[in-house]
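> Same order as they appear, the protein sequences are chains A, B and C.
The numbering of the first sequence is this note's numbering, which starts it at 61 and goes up by one.
The numbering of the second sequence is this note's numbering, which starts it at 631 and goes up by one.
The numbering of the third sequence is this note's numbering, which starts it at 4 and goes up by one.
In this text, a Cβ means the ideal position worked out from N, Cα and C, and glycines have one as well.
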Amino acid sequence: MADERELTLYEKRVDALLQLLPRAGGQARETFLQAQLNLKTAPDDAQYFDRWLDALASGLTADGVIDRQDLEARVATVRARLERWETAE
Amino acid sequence: MTPKFKAGDRVVVDARDHVGHCRTPTYLRGAEGRVRKLIGIYKNPEELAYFKEAADYPLYDVVFDWKAVWGVDGPDEVAADIYEHWLKSA
Amino acid sequence: MPHDGHHHDDHAPIEDGGEITEYEVLEQAIRELLIEKGVVSADAIQRQMDEMDSRTPVMGSKIIARAWTDPAYRDRLIGEPKAALAEMGVTKLDENPEVEVVANTPDRHHVIVCTLCSCYPRVILGMPPAWYKKRAYRSRVVKEPRQVLKEFGTEFPDSVKIEVHDSTADMRYLVLPMRPEGTEDWTAEQLAGLVTRDVMIGVKVPVRP
Chain A
61 MADERELTLY
71 EKRVDALLQL
81 LPRAGGQARE
91 TFLQAQLNLK
101 TAPDDAQYFD
111 RWLDALASGL
121 TADGVIDRQD
131 LEARVATVRA
141 RLERWETAE
Chain B
631 MTPKFKAGDR
641 VVVDARDHVG
651 HCRTPTYLRG
661 AEGRVRKLIG
671 IYKNPEELAY
681 FKEAADYPLY
691 DVVFDWKAVW
701 GVDGPDEVAA
711 DIYEHWLKSA
Chain C
4 MPHDGHHHDD
14 HAPIEDGGEI
24 TEYEVLEQAI
34 RELLIEKGVV
44 SADAIQRQMD
54 EMDSRTPVMG
64 SKIIARAWTD
74 PAYRDRLIGE
84 PKAALAEMGV
94 TKLDENPEVE
104 VVANTPDRHH
114 VIVCTLCSCY
124 PRVILGMPPA
134 WYKKRAYRSR
144 VVKEPRQVLK
154 EFGTEFPDSV
164 KIEVHDSTAD
174 MRYLVLPMRP
184 EGTEDWTAEQ
194 LAGLVTRDVM
204 IGVKVPVRP
């Protein structure tokens, strides 16, 4: 049982959201708890954080915490920004 | 909310199926245990997602003999924190 | 160029090296929108991450070593853990699930698990180790604790009862191990060196080198 590894920065960021959302109150908290109820994943699942993120993305948009179009637009912006950065390297 | 059980009471964990997220592990359902102490009064996490004001539930530290959980004799014990609505008198 | 090679602005790549994944993009998009909506603050996220990085078993080791050398503190740690932990500088206890300290005795050994997910005394020990989150540990330690402990090199005679704590609700458990024999003249600082993370989870016992 010695397979230790540090969480990646991505995983740490998702983990931070998972710690903060239930304390956020309001609809975001409700959405978080509902996502937790529906989620079919366990912490030893390699896709654990990805599945959580999918559940949050659909829950937060369905419940109107964030707008679906806003999210799609932001995903495109972030992707473009990161790609630009990569090519600049 | 007055707690129904006290330290030393024999209790049985409800064996009902529960759909969705739930904080009572399957392997303890139907097992008889002993209330060691009342931990406190908490919001039931099973309800938080459905009701704006979740009800308060007493939470107990319950200890189980090996045989009560696994059906075979053993020197060891399992302890778990269980909400009152999952417990009935043995 | 907006990016001149320094790595500290908000728009820096998420991982050093490797391809950017769609999930990393999605995480960043969700995070930015939640911040703009005021659901969470950038500051709170950063603090949460810093906190998880800074909370390490070292704090737990100090707490256990003090309990070994200060009987009044030991009583407080078991009886009023919140106050006793605050006394040792554990912050944000109110924002975290309550911690309960379970003390090993010559005839009872405690071991901690969360069979449903990976609840863990993060406020003291930080992130759980990878094995703690694995089904192999979570499902087996409640069923064959002696076999699992043996795999960690820990064995007890049948006269020692093993109590497996399943962290199913609002409590997080921390094991207060027994002080090893032959350490009577050790300082708290020396003793803290014997208290590893695994010892505070209960899969190992502290041993004098």
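(1) Within the continuous alpha helix (DSSP H) that includes Leu177(C), where are the two ends?
(2) Going straight from the alpha carbon of Ile23(C) to that of Thr59(C), what length do you get?
(3) Looking at C-alpha atoms only, which residue of His168(C), Pro84(C), Val163(C) and Lys136(C) is the closest neighbour of Lys146(C)?
(4) Taking the straight line between their C-alpha atoms, what separation do you get for Gln129(A) and Gln94(A)?
(5) Which one or two residues does DSSP pair with Tyr713(B) in a beta bridge?
(6) How would you write the range of the beta strand (DSSP E) that Ile115(C) sits in, first residue to last?
(7) Do Arg144(A) and Glu35(C) count as a contact pair if the criterion is CB distance below 8 angstroms?
(8) Give the single residue among Arg211(C), Pro148(C), Val116(C) and Lys136(C) whose Cα lies nearest to the Cα of Leu177(C).
(9) Kindly indicate the opening and closing residues of the beta strand (DSSP E) around Arg640(B).
(10) With 16 other CB atoms within 10 Å as the buried threshold, where does Met62(C) fall?
(11) Out of Glu25(C), Gly156(C) and Val42(C), point me to the one whose CA is closest to Lys207(C)'s CA.
(12) Should Ile66(C) go down as buried or exposed, given a rule of 16 or more other Cβ atoms within 10 Å for buried?
(13) Out of Glu30(C), Arg69(C) and Ile38(C), state which residue places its alpha-carbon closest to the alpha-carbon of Ala84(A).
(14) Would you check if there are 3 or more beta carbon pairs closer than 8 angstroms linking the region 130-149 of chain C to the region 72-80 of chain C?
(15) With a threshold of 8 angstroms between beta carbons, is Gln150(C) in contact with chain A?
(16) Counting only the same chain and skipping the five closest in sequence on each side, list residues whose C-beta sits under 8 angstroms from that of Val163(C).
(17) Residues of chain B with CB under 7 angstroms from Met130(C), in chain order?
(18) Between Gly124(A), Arg139(A) and Leu81(A), which has its C-alpha nearest Trp112(A)'s C-alpha?
On the basis of the supplied data:
(1) Looking at the DSSP string, Leu177(C) is not in any alpha helix (DSSP H); the run it does join, the beta strand (DSSP E), is Met174 to Leu179.
(2) 29 angstroms
(3) His168(C)
(4) 22 angstroms
(5) Leu689(B)
(6) Arg111 to Val116
(7) no
(8) Val116(C)
(9) Arg640 to Val643
(10) buried
(11) Gly156(C)
(12) buried
(13) Ile38(C)
(14) no
(15) no
(16) Pro109, Asp110, Arg111 and His112
(17) None at all; the shortest Cβ gap to chain B is about 21 angstroms.
(18) Leu81(A)
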